[in-house]
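**Student:** Residue numbers (the numbering used here), protein chains in the order written: chain E, 1 to 392; chain G, 1001 to 1188; chain C, 2001 to 2243. The structure that follows is given in the form of structure tokens.
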Amino acid sequence: MNGVEGFMYPNEVGLQWSVLIVLYPFITGLVAGAFILASLERVFRVEAVKPTYRLALLTALSFLLVAPLPLQLHLGHPERSPEMYFTPHSTSAMAMFGYVYLWYLMAVLVLEIWLDYRREIVLLSQTSRGLLRLVYRVMTLGSSNISERALAIDERAGWIVTLIGIPSAFLLHGYVGFIFGSIKANPWWSSPLMPVVFIFSAMVSGIAGVMLLYMGITKLRKQSIDMACVDSIAMYLFYIFIIDFSLEMLDLVHRIYEADESFRSLNFMVHTRLYFSHIVIQIFLGTITPLILLFVTQVVKLPEMARKRIYAIAGSLALIGIFAMRWNVVIGGQLFSKSFLGYTTYKMGLVTKEGLLVAIALTLLPLVFLWVLVKLLPPWPEKSAQAVAVGG
Amino acid sequence: MSVFKDAGHLFRFAGLFVLAFLIFLVVRHYVVPKSFGEYGHYRGAAMGEIAAHPAKFAGHETCEGCHTEEATKKQAGKHAQVNCEACHGAIYRRLPAPEQPKPNLYERFVALVVKPAPPDPPLLRHAEDPTVKPELPDTAVLCARCHTASAAKPKGFPQVDPAEHYPGPPCGSCHQPHSPAMDGGGVK
Amino acid sequence: MNISRRQILILLPAAAVAWKSVLAGSPEDAPNYKMSDHWWSMLIDISKCIGCGNCVRACQTENDVPEGNFRTWVERYHVSDENMTEPEVISPKGGKDGFPVAQEDGKKYFFVPKMCNHCADSPCTQVCPVGATFISPDGVVLVDQKYCLGCAYCVQACPYGCRYIHPQKEVADKCTLCYHRITQGLTTACCEACPTGARQLADLKNPKDPIHEFLKTHNVQVLKPQMATGAKVFYNDLDGSVR
């Protein structure tokens, strides 16, 4: 009967939060993770990852611009969303979205990108033509001061912004984990570990994402990949992945050990309705396999070609695994009845407002934005050298 | 001071923030509903709006105000605590919706994104206008809902198996619904 | 500042008119109804419920509840003495058309009407991001449908499954304890329609309300007490197997 097995409260049968709500934490996770990778160079002075610094920031911005879209499409009344700015409810974790998003967008990401690129922006505003010239001129905010002193101030300010940006990134993605983790009505979600798991899995996805983008775009540009950089990124990916995996295993073991009233129902769900997405995709394909692959690269000296292939595979699997984790949290949390006596099914639409096609489009849209940003603000070291040569 | 000369661009960026904040404050002053915060973090006027919905069930006291004969009969019998509308339902008629003002440009734009919910059409109740006539319930269906025997019902509750208890004629041919007990003068 | 007597005589009525227009639209304005005099709750007596579904139908009629959603519904439990922790529960169309006939099989049956519990510490009002759902000063948890975004966070937060998103209005919806009726001295539609008195509206602030005596003399429970929601729908004779 309409996909229901056992007993569900009558209002619970249809899912409230769709694949778009799965996509939202995936996207903000990529933002936070990409930013953390960028901060590795800026704050922690890991020189090896410098080639990906600017790309990571632009990636973060591309995804952040798309992030509100799945939420707006989900809302019954998106035209009322400014209410979150005018009357945010202080007891609601969701209410902080508007301000945290705006803070992270303007006071962290845009500011840091602007400070890092300001020299090129000023130069390009003087050398480009037509509409582009206007765009760059607006971006200069009317100041063309790129003296040594000004740039040194920019460097210092950017360092401070990145420093503030790290906890801001944790807040941007951690609050989503708290949105789920603070719901006592839902035992699949309710856990103090939830924000922490979200943050670490976000770092995995962000780092893997930037690594793949760097490798992919560099290949498209027919340039050579800086192996020291990628090796370094893969090492960080490996260690953060271990922490993420440990946290998820801790949650699992704790659940099985305590076996509270929800356990039987959740256990049944994971073994049946969630088996493919949770056991097969998230755990085996998306976590254990990339961990083993990365482990191999850490302990065995492999030739460059082999390492590139392994990184590409491990990175892709990691991204799929993290998406599956969001799916299992959001969708999984709605598949079982709060009476613990039944299960329902998620019927994802194809061409509906919250359907599969929209989800795919929203996943690809950030790449379009990234393409525009890369053209507007080239993150490649050679390109900026050209700008210096032309303008300087 | 030279530091300000070289940090001028930072002040411009900060200036954008300040400007945006001021605009936000002004907009907020006009947009937030006046009754918001009156009783708590919500729009105080909402309670009045919800309370203003028209009620469809009149309530047994209203029915008994006019239908005193039936009420007296019921009070003396087994259905004393069964309210009139429990069997007769809410008796009302929907009136045609009043002319809606044409939506302005802003409303039409919003409607592209979010379909506005149609307003509830007004209604007229039997209690206000006795020409709004009820349909007398069919006892063949109505009585069975409560009185069909089932192991799930409380043991003390009067229930019969419709296959064995005089199958065929509707319940109303023998039982007077307002005072249904056979030995309490409830036989038709 | 010196205000002359003349000025006061002019200002006072103007202030009164202004004050009335501020109050207009709040239940305070309705004749004789003061919110602070009431703290609404409900009593449901399991021993009296016969599963007729009258309450479900009455609520759907009174409140134009959309098909497939329920502001109130009835569940039927079938519990074995050998396994209290795994009851069989059904609620065909929320119990709207009653229940199929049950055969005697040595196990226990009973009906449990369910609805919004109008929790005093409700998790649903806690999570609303904009303040569209709230508990009124007279104890009724309501949704401001002109303000609600339809994010469904409250639907996720309710442990009892009593909320849903209205398919046409696209805002959160749920039992309002027939607020439009109780503020006029009527009882709720479900209580009006219940033929056995299994559902009774109660006002905890009214010293003459029979609920006070009832709570003192009967064993009464709320649903999911471990959630500490401050639920105000009290169940008499509620079995431990009820979810």
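Glycine included, C-beta positions come from ideal geometry on N, C-alpha and C. If you're wondering where the values come from, they're calculated on a predicted model, not measured in any experiment.
How would you call C:S2021, buried or exposed, if buried means at least 16 neighbouring beta carbons within 10 angstroms?
**Tutor:** Indexing the third sequence from 1 puts residue 2021 of chain C at position 21. Caution is warranted here: a pLDDT of 34 is assigned to C:S2021, below 50, making its placement in the model unreliable, and the coordinate value is therefore given only provisionally. So C:S2021 ends up on the exposed side.
**Student:** Take the Cβ of E:L278 as the centre, count every other Cβ of all protein chains shown within 10 Å, and call the residue buried at 16 or more, exposed below.
**Tutor:** In the first sequence, the residue the question calls residue 278 of chain E occupies position 278. The amino acid at residue 278 of chain E is misidentified as Leu; the sequence shows His. Buried, by the Cβ-count rule.
**Student:** For C:S2080, which of C:N2063, C:F2110, C:Q2156 and C:G2095 has the nearest alpha-carbon?
**Tutor:** Walking along the third sequence from the start, residue 2080 of chain C turns up at place 80. Nearest C-alpha to C:S2080: C:F2110.
**Student:** What first and last residue would you give for the beta strand (DSSP E) that runs through C:N2117?
**Tutor:** Locating residue 2117 of chain C in the third sequence gives position 117, where the first residue counts as 1. Element bounds for C:N2117: n/a, residue is neither H nor E.
**Student:** Helix, strand or coil: which one does DSSP assign to E:W159?
**Tutor:** Sequence index remark: in the first sequence, residue 159 of chain E carries index 159 (1-based). Three-state DSSP puts E:W159 in a helix.
**Student:** Taking 8 Å as the threshold (beta carbon to beta carbon), is C:E2067 in contact with chain E?
**Tutor:** Within the third sequence, residue 2067 of chain C is the residue found at index 67, counting from 1. With 8 Å as the cut-off, C:E2067 does not count as an interface residue toward chain E.
**Student:** Please confirm if E:F86 has its CB atom under 8 Å from at least one CB of chain G.
**Tutor:** Position 86 of the first sequence, counted from the start, is the residue given in the question as residue 86 of chain E. At least one chain G Cβ lies under 8 Å of E:F86.
**Student:** Less than 8 Å between the C-beta atoms of C:C2052 and G:R1145, yes or no?
**Tutor:** Here residue 2052 of chain C is taken as the residue at index 52 of the third sequence, counted from 1. Here residue 1145 of chain G is taken as the residue at index 145 of the second sequence, counted from 1. It is a contact, given that the beta carbons lie within the stated cut-off.
**Student:** Measuring CA to CA, which of E:K50, E:I21 and E:P82 is closest to E:A34?
**Tutor:** Within the first sequence, the letter at position 34 stands for residue 34 of chain E. Looking at the Cα atoms, E:K50 is the closest of the given residues.
**Student:** With a 10 Å radius around its C-beta and 16 neighbouring C-beta atoms as the bar for buried, classify G:Y1106 as buried or exposed.
**Tutor:** To locate residue 1106 of chain G, count along the second sequence from 1; it is residue 106. By the 10 Å Cβ count, G:Y1106 comes out exposed.
**Student:** How many whole angstroms separate the CB atoms of E:R118 and G:H1009, which I take to be in contact at a CB cut-off of 8 Å?
**Tutor:** Position 118 of the first sequence, counting from 1, holds the residue named residue 118 of chain E. Position 9 of the second sequence, counting from 1, holds the residue named residue 1009 of chain G. Their Cβ separation, rounded to whole angstroms, is 7 Å, which keeps E:R118 and G:H1009 in contact under 8 Å.
**Student:** Rounded to the nearest angstrom, what separates C:P2123 and E:D231 at their Cα positions?
**Tutor:** Residue numbering aside, residue 2123 of chain C sits at position 123 when the third sequence is read from its first letter. Residue numbering aside, residue 231 of chain E sits at position 231 when the first sequence is read from its first letter. Roughly 47 Å separates the two Cα atoms.
**Student:** Within its chain, find whatever has a CB closer than 6 Å to the CB of C:C2148; leave out the 5 residues flanking it on each side and keep chain order.
**Tutor:** For this step, residue 2148 of chain C is matched to residue 148 along the third sequence. Closer than 6 Å at Cβ, skipping near neighbours: A2132, V2171 and A2172.
**Student:** Hey, does G:T1139 have any beta-carbon neighbour from chain C nearer than 8 Å?
**Tutor:** Numbered from its first residue, the second sequence carries residue 1139 of chain G at position 139. Not an interface residue.
**Student:** Taking the CB atoms as reference points, tell me whether G:A1045 and C:H2180 lie closer together than 8 Å.
**Tutor:** Within the second sequence, residue 1045 of chain G is the residue found at index 45, counting from 1. Within the third sequence, residue 2180 of chain C is the residue found at index 180, counting from 1. No, these two residues do not count as a Cβ contact at 8 Å.
**Student:** Are the Cβ atoms of C:V2089 and C:E2075 separated by less than 8 Å?
**Tutor:** Here residue 2089 of chain C corresponds to residue number 89 of the third sequence, with the count starting at 1. Here residue 2075 of chain C corresponds to residue number 75 of the third sequence, with the count starting at 1. Closer than 8 Å, so yes.
**Student:** Would you say E:G392 reaches chain G, if we count a Cβ-Cβ gap shorter than 8 Å as a contact?
**Tutor:** The residue given as residue 392 of chain E occupies position 392 in the first sequence. A caution first: E:G392 carries a pLDDT of 39, below 50, which makes its placement in the model unreliable, though a value can still be read off. No, because no Cβ of chain G sits closer than 8 Å to the Cβ of E:G392.
**Student:** Where DSSP assigns a beta bridge to C:N2236, which residues make up the other side?
**Tutor:** Walking along the third sequence from the start, residue 2236 of chain C turns up at place 236. Paired residue(s): C:D2045 and C:V2220.
**Student:** Compare the C-beta of E:H173 against all C-beta atoms of chain C and say whether one is closer than 8 Å.
**Tutor:** Against the first sequence, residue 173 of chain E aligns to sequence position 173. No, E:H173 lies away from the interface with chain C (no Cβ there is under 8 Å from its Cβ).
**Student:** Could you give the first and the last residue of the continuous alpha helix (DSSP H) run that contains E:P70?
**Tutor:** One-based indexing of the first sequence puts residue 70 of chain E at position 70. E:P70 -> alpha helix (DSSP H) spans P68 to H74.
**Student:** Kindly indicate if chain G contains any beta-carbon less than 8 Å away from that of E:R118.
**Tutor:** To locate residue 118 of chain E, count along the first sequence from 1; it is residue 118. Judged by the 8 Å Cβ criterion, E:R118 is in contact with chain G.
**Student:** Determine the chain C residues that contact G:Q1081 at a beta-carbon separation under 8 Å, and present them in chain order.
**Tutor:** For the purposes of this step, residue 1081 of chain G is identified with residue 81 of the second sequence, where counting begins at 1. The contacting residues are P2195, T2196 and G2197.
**Student:** Less than 8 Å between the C-beta atoms of E:S92 and C:P2129, yes or no?
**Tutor:** Residue numbering aside, residue 92 of chain E sits at position 92 when the first sequence is read from its first letter. Residue numbering aside, residue 2129 of chain C sits at position 129 when the third sequence is read from its first letter. For E:S92 and C:P2129, yes; Cβs fall inside 8 Å.
**Student:** Rounding to the nearest angstrom, what Cα-Cα distance links G:Q1075 and E:L335 in this structure?
**Tutor:** Within the second sequence, the letter at position 75 stands for residue 1075 of chain G. Within the first sequence, the letter at position 335 stands for residue 335 of chain E. C-alpha separation (whole angstroms): 50 Å.
**Student:** Can you tell me whether DSSP reads C:N2083 as helix, strand or coil?
**Tutor:** Here residue 2083 of chain C is taken as the residue at index 83 of the third sequence, counted from 1. Of the three classes helix, strand and coil, the one that applies to C:N2083 here is strand, per DSSP.
**Student:** Per DSSP, what kind of secondary structure is E:Q126 in: helix, strand or coil?
**Tutor:** As a first step, residue 126 of chain E is located in the first sequence; it is residue number 126 there, counting from the start. In this structure, E:Q126 counts as helix in the three-state DSSP scheme.
**Student:** Report back the beta-carbon spacing between E:L23 and E:A359 to the nearest angstrom; my notes put them in contact at under 8 Å.
**Tutor:** Your numbering for residue 23 of chain E matches position 23 in the first sequence. Your numbering for residue 359 of chain E matches position 359 in the first sequence. With 8 Å as the limit, E:L23 and E:A359 qualify as a contact, their Cβ atoms being about 6 Å apart.
**Student:** Within a Cβ cutoff of 8 Å, which residues of the same chain sit near C:Y2153, ignoring the five residues on either side of it in sequence?
**Tutor:** As a position in the third sequence, residue 2153 of chain C is number 153, starting the count at 1. V2127, C2128 and P2129, listed in sequence order.
**Student:** For E:Y9, which residues from the same chain have a beta carbon less than 7 Å from its beta carbon, with the 5 sequence-adjacent residues on both sides left out?
**Tutor:** Along the first sequence, read from residue 1 onward, the residue named residue 9 of chain E stands at position 9. Excluding positions up to five away in sequence, the list reads S337, K338 and S339.
**Student:** Are the beta-carbon atoms of G:T1139 and G:P1177 separated by less than 8 Å?
**Tutor:** The residue given as residue 1139 of chain G occupies position 139 in the second sequence. The residue given as residue 1177 of chain G occupies position 177 in the second sequence. In this structure, G:P1177 lies closer than 8 Å to G:T1139 by Cβ.
**Student:** Going by the beta-carbon positions, is the gap between E:E354 and E:H173 smaller than 8 Å?
**Tutor:** Along the first sequence, one-based indexing puts residue 354 of chain E at 354. Along the first sequence, one-based indexing puts residue 173 of chain E at 173. Contact: no.
**Student:** Could you check whether E:G206 and E:I36 sit closer than 8 Å to each other, using their CB atoms as the reference points?
**Tutor:** By 1-based counting over the first sequence, the position of residue 36 of chain E is 36. By 1-based counting over the first sequence, the position of residue 206 of chain E is 206. Cβ atoms of E:I36 and E:G206: closer than 8 Å.
**Student:** Do you know offhand how far C:E2086's Cα is from C:M2227's?
**Tutor:** The sequence position of residue 2086 of chain C within the third sequence is 86, counting from 1. The sequence position of residue 2227 of chain C within the third sequence is 227, counting from 1. Cα to Cα, C:E2086 sits roughly 20 Å from C:M2227.
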